[in-house]
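So the protein sequences, as listed, match chains H and B.
According to the working numbering, the residues represented by the first sequence are 4 to 396, in order.
According to the working numbering, the residues represented by the second sequence are 25 to 399, in order.
Note that the Cβ used here is the ideal one computed from N, Cα and C, for glycine as well.
For reference, the structure is listed below as structure tokens.
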Amino acid sequence: MRFEFTEDQIAWRDKIRDFLRQNVTPAIQQEKRNSDPITNGPLAKAFLEKVKKKGWIGIGWPKEYGGMGETMVKQFIFLEEFRTAKAPAIGMTLTSLAPTIMSVGSDEMKKEWIPKIVDGEIELALGYSEPDAGSDLANLKTEAVIDGDEFVINGQKTWNSEGHVATHEFLACRTDPDVPKHKGISIILVPIDYPGVKVLPIHTWGDVRTNEVFFDNVRVPRSNLVGNLNEGWTYAMMALNLERFDIGSIADVRRLLIEVVDFLKSTTVDGEVLSKNTIVRQRVAELYSELEICKWFAYAAAAMIDEKKFPMKEMLMGKVMGSELKAKVGDIGTQVMGLYGQLRQHSKWVPVNGDVERLFRVAPLFRFGGGTNEIMRDIIAQKSLKLPREGAR
Amino acid sequence: MDFNLTIEQKMIRDSAHKFFAKELTKEKIRELQENNTEIEEGFWKKIAELGWLGVSSSQNSSDEGLSLMELAALYEECGRSLMPTVFYSTIASALCIANCGNADQKTELLPAIADGKIKVSMAITEPQVSHDLNYLETRAQVINGKYYVSGQKLFVPNTNTADYLIVAARTEDNTSDTGISLFLIDKASEGITFEALNTFGLDSQSEVVLDNVEVPADRIIGERGTAKNIIRKTTDQTTALQCVEMVGGAKEVIRMTADYIKKRVQFGRPIGSFQAVQHHMTKMAMDIEGSYYTAYNAVWRLSEGKPCAKEISLAKAWIGNAYRETTIMAHQLHGGIGYALEYDLHLYSNRAKTTGIWQGTSDYHYQKLADELGM
Chain H
4 MRFEFTEDQI AWRDKIRDFL RQNVTPAIQQ EKRNSDPITN GPLAKAFLEK VKKKGWIGIG
64 WPKEYGGMGE TMVKQFIFLE EFRTAKAPAI GMTLTSLAPT IMSVGSDEMK KEWIPKIVDG
124 EIELALGYSE PDAGSDLANL KTEAVIDGDE FVINGQKTWN SEGHVATHEF LACRTDPDVP
184 KHKGISIILV PIDYPGVKVL PIHTWGDVRT NEVFFDNVRV PRSNLVGNLN EGWTYAMMAL
244 NLERFDIGSI ADVRRLLIEV VDFLKSTTVD GEVLSKNTIV RQRVAELYSE LEICKWFAYA
304 AAAMIDEKKF PMKEMLMGKV MGSELKAKVG DIGTQVMGLY GQLRQHSKWV PVNGDVERLF
364 RVAPLFRFGG GTNEIMRDII AQKSLKLPRE GAR
Chain B
25 MDFNLTIEQK MIRDSAHKFF AKELTKEKIR ELQENNTEIE EGFWKKIAEL GWLGVSSSQN
85 SSDEGLSLME LAALYEECGR SLMPTVFYST IASALCIANC GNADQKTELL PAIADGKIKV
145 SMAITEPQVS HDLNYLETRA QVINGKYYVS GQKLFVPNTN TADYLIVAAR TEDNTSDTGI
205 SLFLIDKASE GITFEALNTF GLDSQSEVVL DNVEVPADRI IGERGTAKNI IRKTTDQTTA
265 LQCVEMVGGA KEVIRMTADY IKKRVQFGRP IGSFQAVQHH MTKMAMDIEG SYYTAYNAVW
325 RLSEGKPCAK EISLAKAWIG NAYRETTIMA HQLHGGIGYA LEYDLHLYSN RAKTTGIWQG
385 TSDYHYQKLA DELGM
């Protein structure tokens with residue numbers, strides 16, 4: 004056993020840290036706070052250009068696509084350092100959708116699309132959920148009918164979080180209504196500026212904008228099909244697993260808790276330094292412990308992937324625990340601040356730049372996003388503990 | 025990052041698993057606990073022959089004794105099988121001597137413990153002292169080059185089977201860091217009396233009264249005045265190892281419970297297919313999976329000589345709650361049968377409660393952790 008990074012991994016981490024120390028300015032962090040977190044402002048865009056110049060957008064990608072072909076542990080170190088530094092994030096298009104296209108797309112598709120994705124010319128939105136297809140995703144009804152060289156697409160997607168910034172939808176469509184529902188789904192890349200596509204905003208409690216997207220007789224070339232016809236379910240799950248990995252990372256929250264501790268140490272209320280209160284100490288110590296434990300799920304999952312094992316249990320447990328911890332840190336973090344805990348970002352007197360109150364409002368997303376924790380728990384019970392599925396849902 | 029045991033560590037775990045399945049049956053555990061009898065010499069001899077009573081005197085694997093990581097692999101199986109606590113108190117004493125005993129003491133005592141010839145137990149806590157040795161009241165006076173120890177010790181494990189006790193006593197009146205020493209005291213010495221305590225975990229614990237017990241000066245473990253450091257070091261090791269023991273016990277409880285709810289049918293289907301039941305099981309599994317990493321992390325850091333005060337406290341705090349809550353939920357999922365004494369579950373529930381308290385409660389360790397966080 005070895006519960007620490009190797010020297011090579013530490014050198015990699017330090018290299019990223021140095022870069023972030025030099026390039027993540029308070030102005031960039033503030034720009035992120037000021038905007039919808041999905042939309043990158045000019046400072047974030049300039050920063051991500053620098054990241055690209057370092058060659059760091061495809062750390063885990065095969066070298067033939069301009070990636071570094073690096074291990075999962077190194078990819079995870081990269082993700083955690085970015086989170087800890089409150090740096091603008093590399094989007095899902097690069098972290099989870101592009102790798103899916105690389106592994107299942109046709110040679111033509113890869114040749115045409117990957118360079119454009121790398122250049123930022125193409126950005127994808129995840130077109131999965133529908134009004135009647137949430138946890139039961141395979142129930143999706145948006146249909147794509149083959150007509151000559153084209154698909155004709157009709158239907159509606161919702162909770163489409165990148166719809167207003169992306170160029171294309173990574174769209175899950177029903178292409179065969181006559182087979183069991185998991186087996187008639189395909190993934191099609193649909194340009195959002197095509198006639199018949201309409202994007203309407205949904206504003207959320209966590210300040211994150213998401214969207215409803217409507218498809219009315221949208222015609223796209225058949226060459227926009229990702230991989231094989233009717234195998235979209237497998238591809239969607241592939242990308243989802245990578246997304247769950249992302250949600251399970253709690254490096255940003257670990258930093259927030261330390262910032263909360265700094266606030267508690269420097270604030271006196273009713274004659275007592277907040278950090279000396281026994282109950283506050285207990286709550287913070289509990290959160291700290293949970294954060295430390297949660298990180299092992301992600302590290303173990305990453306290490307297992309590098310050993311060519313599939314860490315389903317570790318990934319799912321990390322997703323469930325990590326997302327619930329985020330909610331807890333947001334909740335308890337604001338509570339131990341007392342009256343200060345109600346202050347919103349940008350207010351005078353707000354502790355920790357308002358990042359804790361923001362977390363309180365954003366965190367519910369992680370519990371139901373990327374697969375609800377209830378479904379995750381079902382899967383852990385059935386796949387890892389081998390409990391019977393019969394009549395379970 | 026590498027979360028795999030080495031081949032040697034796995035071998036120890038696997039052979040312990042097989043050995044305990046045969047030699048440490050639940051019938052035997054019940055008999056030992058209910059009649060408060062000593063574990064039979066035959067069993068003790070066998071584990072000595074397997075090399076499981078020998079600890080490495082240098083904490084690396086260059087000698088024949090077990091390293092901390094090897095002990096951890098063994099402790100996981102001990103927890104699963106509810107190994108009688110005389111094993112833990114003996115290993116704790118061996119670690120104490122290995123950590124800080126002088127060369128003569130190591131040569132004399134460690135092989136005798138490893139061969140199963142003697143058993144030793146630690147007598148530290150008192151009616152008013154659980155963790156903070158500054159409040160220790162047991163005293164050792166020097167008269168003509170000999171020490172005379174007097175005081176009252178409480179919650180001393182396995183005095184019935186021990187041949188020697190390692191007793192912490194005050195050798196200076198002040199509360200300086202050098203005011204306390206450890207004495208190796210022959211249990212048969214004049215002036216020692218024992219009274220058994222009645223714990224619901226049915227492990228053996230006693231009150232020990234020392235009345236002017238004569239101890240030769242060469243029976244001080246290590247050097248005079250070094251007890252605080254020795255105890256801190258030994259407690260770190262035994263706490264981290266105990267965390268692994270607890271993980272082993274909790275894993276067994278999860279296994280028992282999963283087995284039961286797959287077989288128990290109500291409303292025409294196994295109760296394990298109900299979502300409410302599955303989510304309870306998932307919580308238990310997640311708590312203990314996290315416990316596994318954090319317990320081994322604590323042992324690993326210790327064995328690598330890395331700072332680990334935070335890691336040990338958070339492991340014990342977390343696992344202290346997790347093991348107990350796992351057993352309580354297992355009772356709920358078993359319903360009536362898990363409540364019946366004929367079923368084995370309560371043996372684990374007792375151990376979970378005891379281990380939750382031993383070596384510091386979760387509340388104690390969370391406060392320690394808050395200290396470590398600079399709060």
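Not flagged as an interface residue toward chain B: Glu115(H), since no C-beta distance is shorter than 7 angstroms. The Cβ of Gln129(B) sits no closer than 7 angstroms to any Cβ of chain H.
In this structure the segment 169-176 of chain H touches the segment 112-132 of chain H; the number of beta carbon pairs closer than 8 angstroms is three or more. It is roughly 17 angstroms from the alpha-carbon of Phe85(H) to the alpha-carbon of Arg247(H).
Around Tyr343(H), no beta-carbon contact reaches into chain B at under 8 angstroms, the shortest distance being about 17 angstroms. Pro240(B) carries a strand assignment under DSSP once its states are collapsed to helix, strand and coil. Straight across, the Cα-Cα distance linking Met71(H) with Ala14(H) is about 16 angstroms. Sequence-ordered contacts of the segment 59-79 of chain H with chain B read Val76 [C-beta pairs closer than 8 angstroms].
For Arg194(B), the three-state secondary structure derived from DSSP is strand. At a C-beta separation below 8 angstroms, Ser387(H) has these neighbours in chain B: Ala309. Considering only beta carbons, the part of the segment 291-302 of chain H lying closer than 8 angstroms to chain B consists of Tyr291, Ser292, Glu293, Glu295, Ile296, Cys297, Trp299, Phe300, Tyr302, in chain order.
Secondary-structure assignment with DSSP links Val276(H) through a beta bridge to Thr271(H).
With a cutoff of 7 angstroms on beta-carbon distance, Ala40(B) and Val79(B) are scored as not near each other. By the neighbour-count definition (other C-beta atoms within 10 Å, threshold 16), Ala303(H) is a buried residue.
Sorting Val191(B), Leu119(B), Pro331(B), Arg288(B) by C-alpha distance to the C-alpha of Trp76(B) places Leu119(B) at the top. In the DSSP assignment, Gly130(H) falls within the unbroken beta strand (DSSP E) covering 127-130. The beta carbon of Pro331(B) does not come within 7 angstroms of any beta carbon belonging to chain H, so the residue lies off that interface. The C-beta of Asn321(B) comes closer than 7 angstroms to at least one C-beta of chain H. The contact set of Asp26(B) on chain H, defined by CB atoms closer than 7 angstroms, consists of Met4, Arg5, Ala306 in chain order. Gly61(H) and Leu23(H) do not touch by the CB rule: their CB atoms are close to 18 angstroms apart, not below 8 angstroms. Beta-carbon to beta-carbon, Gly341(H) and Val272(H) are separated by about 6 angstroms, close enough to satisfy the 8 angstroms threshold.
Under the 10 Å beta carbon count, Ile31(H) is surrounded by 16 or more other beta carbons and is classified as buried. With its beta carbon less than 7 angstroms from one in chain B, Ile383(H) belongs to the interface.
Contact between Gly140(B) and Glu161(B) is ruled out by a C-beta separation of about 34 angstroms, above the 8 angstroms threshold. Under the three-state reduction of DSSP, Phe67(B) is assigned to helix. Annotation for Lys257(B): the continuous alpha helix (DSSP H) segment containing it runs 251-287. Less than 7 angstroms divides the Cβ of Cys176(H) from the Cβ of Ala147(H).
Bounds of the alpha helix (DSSP H) holding Lys48(H) are 45-56. Secondary structure of Tyr316(B) (DSSP, three-state): helix. In the three-state reduction of the DSSP assignment, Arg286(H) falls in the helix class. Using a Cβ-Cβ cut-off of 7 angstroms, Pro151(B) is close to nothing in chain H; its nearest Cβ partner there is about 24 angstroms away. Inside the segment 61-147 of chain H, DSSP marks whole alpha helix (DSSP H) runs of 4 or more residues at positions 75-87, 101-107, 110-122, from first to last along the chain. In the assembly as shown, Asn376(H) is a buried residue. Its beta-carbon has 16 or more other beta-carbons within 10 Å.
The alpha-carbon separation between Thr185(B) and Ala300(B) amounts to approximately 46 angstroms.
The DSSP-derived three-state label of Gly235(H) is helix. Taking a cut-off of 8 angstroms on C-beta distances, the segment 353-370 of chain B does not touch the segment 248-258 of chain H, as fewer than three cross pairs fall below it.
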